[in-house]
Structure formats: structure tokens, C-alpha cells
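Trainee: The opening residue of the sequence shown carries number 433 in our numbering; numbering runs sequentially from there.
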Amino acid sequence: MNKKIPFKEIIILTLSLLLAGIQLRAQTGEAKATVQIDSTRLMIGQQVRMNISFTHPPKAKIGWGIRGDTLSRQIEIIKKSAIDSTVTPDGMVKRSQNLVITSFDTGYIVVQPIRFYWQLPQDTITQIAETEPILLEVMAMPVDTTQDIRDIKGIQKIGYSWKEILPWIGYALLIAIVAFLIYRYVQYRRGKRKYFLIAPKPKIPAWQIALEALDTLRNKQLWQSGHYKQFYSELTDIFRDYLDNQFQINAPEMVSEEIIIALENAGFDTKLISDCRRMLQTADLVKFARYIPLPDENSFSFDVCRRFVEETMPKPENASEPHPSSPSEMQQ
433 MNKKIPFKEI IILTLSLLLA GIQLRAQTGE AKATVQIDST RLMIGQQVRM NISFTHPPKA
493 KIGWGIRGDT LSRQIEIIKK SAIDSTVTPD GMVKRSQNLV ITSFDTGYIV VQPIRFYWQL
553 PQDTITQIAE TEPILLEVMA MPVDTTQDIR DIKGIQKIGY SWKEILPWIG YALLIAIVAF
613 LIYRYVQYRR GKRKYFLIAP KPKIPAWQIA LEALDTLRNK QLWQSGHYKQ FYSELTDIFR
673 DYLDNQFQIN APEMVSEEII IALENAGFDT KLISDCRRML QTADLVKFAR YIPLPDENSF
733 SFDVCRRFVE ETMPKPENAS EPHPSSPSEM QQ
């Protein structure tokens, strides 16, 4: 005999399922990036306010889209506010930041889409949310042709600035150094004093600089004492400087994704590139999203950077294999 379920229990069960569905949707909803600007028409040098916001699931790891003090070569950031976080009615987290921007170029200027990176805790794929592009019209100051042409003002006397005084101080120091060297040379020729020359310091290889910097970083025990942001800032700086000095990859001026693309184009090992991507993504989350990494993540990131240097550093000249001339040859 079938037992009938009371109507009241059916209502309660239905509401519970609806609430669970709403909560699940809030936790796994799609991220969205938006940008708002006071005006798209401005005079050259005029400052306008811009607001950027990024809405994402509450437990997602994120990478903030604004780095540095420029949006592009033609658009400068005058002022940035702190990133503000709120919770939306549907359970999503909304982060926003106010900017004050300006431009000193005239014409039509495109504000390229601002990218935000996010990743769910159980997901291995980093997703991207972008703002819509904005077209700015920067106008030159108008010239009033109805006004009379005025005479040139007379010469005015102004005081000396530091920019004018400093060159003369530099000349005086240079003359003093030359005079000192001449004096020491004369003393040497007369045999009164022992003449000495300071030998130029040999150029330190990029790989040696990187390994010594990594040893110094390890001895600081930064992440062990909770200084995660400083640890990842110094670690990625070492990595970027090594790419710049060893392979002429302008990594200090690149974002993480651009560095990965440069490594792929240079022909580095695929597994090594994948590990570098994970290291850079963790660093971005720590530096820009206040993410607290696990001890295993910190050790992994440090080991990846050191392994990259050791596997790509030039081999000794007396080794049996020829000296590599490119990253792709090092991986062969």
C-alpha cells in the first residue's frame, strides 16, 4: 500500500530544492567585468573618473586587471582607490576600484578591454572576464582667433633652479676626479707612491645572479613568517630579470600571460612552461587578490624558479656538448 506524502511536506521539500539551486548558482555563477566612465569626451590633460568592477563567485581565486600607473601608452592613471568588496543579493562577490585617468594625446583613443582572471577551487582552468572597450575623444585646447595679437613680454629675471645648478656641480666633481688621477699618476712616475689601478669587475652571468638571489630569498624565510606578498614579488622579479638578462625577453614589462606566450615562442620545454604558468598564476593571486597559499604551493613555486634557471643556464665551455645559442637548443 502506497503511503501518501502530506501536502505540507511537499511544499517544504520544493522550497528546499529551490533554495539549494539558488545557492549553487550563486557559488558557480559566471564572472562579469564592467567599466564606467564619467565622460568619453575630454580636453587634453583633463582628468576624468573611471570605475571598474569585477563580480565573481565567492570562493574563486582572482587576478585583478589593473597593474602599474597606465592603462595604455596614451592613457595615464593619476589616482587609484583601494579595491572595495561587497556581496550581491545573489551571493556573488563584487570588487570595484575607482580610477582618475587623463591623456596628453589628442584624437580618438581606445581603452582596451581590462582582463580579470578567476578560477574556482576545484577547477584547473583559469577563466577570463573582460570589460567592454571604450572610445575616448581627446580634444586640443581651442584657440580664440578673435583676440588681438599681443606683443611679446620683456625678458624677466628668474632665479637658478636645481636643474641648472646640478650640471655645474657635476663638472666640478669631474674636474676634481681628473685632477686626483693626474696627481696619482705623477706620484707614481716619481716613485714616491705605489700606483694602483682598480681592475674592472668581471660581468656576472645572469644565471649566477639569479641563483644567488634565490639563495638570499630562501634564507629570508619570508613565506614561513607570513610575508607571502613580499616572497612572491621577489621570486617573480628574479624570474623576470633572468629572462631579460639571459634571453633578452622583456619580462619585467610583461604580464604573466605574455611571459608564457614568449616562452612558448622561444621553444622552451612544455612541462617547464606549464610549471612556470602555475607559479605565475599563484603569484598573481597572492599579490593582487590577497590569496593565502599553502606551504606546498610556496615550495613548488620556489623550486620551479630555481629549476628553470638550472635547466636553461649555459653549459660550461669545456663540456662535451656545444654551448647553446638559443632556448630551443637548450631543450634539445
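In this text, a Cβ means the ideal position worked out from N, Cα and C, and glycines have one as well. All values reported here derive from a predicted model rather than from experimental measurement.
Could you give the residue range of the beta strand (DSSP E) that holds Y540?
Mentor: 539-543
Trainee: Are at least three pairs of beta-carbons, each pair with one atom in the segment 729-739 and one in the segment 696-713, less than 8 Å apart?
Mentor: Touching, per the Cβ criterion.
Trainee: Quick check: what's the CA-CA separation for L643 versus P746?
Mentor: 13 Å
Trainee: Look at the alpha carbon of V532 and the alpha carbon of P727, and state the distance between them as a whole number of angstroms.
Mentor: Cα-Cα distance, rounded: 38 Å.
Trainee: Would you kindly work out how many angstroms separate the C-alpha atoms of D701 and E743, rounded to a whole number?
Mentor: A direct Cα-Cα distance of roughly 10 Å separates D701 from E743.
Trainee: Using the Cβ count rule (16 or more neighbours within 10 Å means buried), how would you classify Y674?
Mentor: buried
Trainee: Using DSSP with H/G/I as helix, E/B as strand and the rest coil, what is V718?
Mentor: helix
Trainee: Between which two residues does the beta strand (DSSP E) carrying R481 extend?
Mentor: 480-488
Trainee: With a Cβ-Cβ cutoff of 8 Å, do M524 and P553 count as a contact?
Mentor: Between M524 and P553, the C-beta gap is not smaller than 8 Å, which leaves the two residues out of contact.
Trainee: Given a threshold of 16 other Cβ atoms within 10 Å of its Cβ, counted over all protein chains shown, does D522 qualify as buried or as exposed?
Mentor: Exposed, since its Cβ has fewer than 16 Cβ neighbours within 10 Å.
Trainee: Given a cut-off of 8 Å on the beta-carbon distance, is the pair V467 and T563 in contact?
Mentor: yes
Trainee: On the three-state DSSP scale, how would you describe W600?
Mentor: DSSP places W600 in helix when its eight states are reduced to three.
Trainee: For W550, which beta-bridge partners are listed by DSSP?
Mentor: I494, Q559
Trainee: Determine, for S731, whether the minimum Cβ-Cβ distance to residues of chain E falls below 8 Å.
Mentor: The chain labelled as chain E is not found in the depicted structure, where only one protein chain is given.
Trainee: Which of the three DSSP states, helix, strand or coil, is assigned to V618?
Mentor: helix
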